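Numbering (the working numbering), first residue to last: 21 to 150. Each remark here refers to the structure printed beneath this line.
This is the structure in structure tokens:
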């Protein structure tokens, strides 16, 4: 009676960074330029953007920190630590000082902001008088 080894399951399914660190899921590498030129597999434009999927308690409890879970960020991949938690190995633990930028949407007019004053008020008044 021989025993077959059981299929090995991942032992862990959650990663929680410690200290001033975040876990980033790296975006896919670009294989096509903006002009539509498809690049061969040997030449990829390095991608250093991704989504924050987990933040440490130290960052979460610090009200001065603006980075939050699900933010899209630009990070320095040279000092990011890859994590083999998923099959595609796109997770990285990144120190907060290696996060270079956070992508944000600009505030739109009409959503709690006042529109800029018009510059051509003199021309409107003179047109009304005529």
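The beta-carbon is built from N, C-alpha and C at its ideal position, and this holds for glycine as well. Computed from a prediction, not measured in an experiment: that's the story for all the values here.
Distance CB(residue i)-CB(residue j) smaller than 9 Å
i, j, result
"residue 123", "residue 92", "yes"
"residue 94", "residue 121", "yes"
"residue 87", "residue 42", "yes"
"residue 119", "residue 35", "no"
Chain-order list of residues whose beta-carbon lies under 7 Å from that of residue i (same chain, five-residue window excluded)
i, result
"residue 101", "112 and 113"
"residue 46", "67, 70, 110 and 112"
"residue 39", "76 and 78"
"residue 83", "none"
"residue 85", "79"
"residue 54", "none"
"residue 125", "none"
Own chain, CB closer than 8 Å to residue i, minus 5 neighbours either side, in chain order
i, result
"residue 33", "105"
"residue 31", "none"
"residue 90", "71, 72 and 73"
"residue 97", "46, 66, 68 and 112"
Counterpart residues of residue i in DSSP-defined beta bridges
i, result
"residue 69", "94"
"residue 37", "For residue 37, which the question treats as bridged, DSSP gives no partner whatsoever."
"residue 46", "70"
6 Å CB neighbourhood of residue i in its chain, flanking five on each side removed
i, result
"residue 108", "none"
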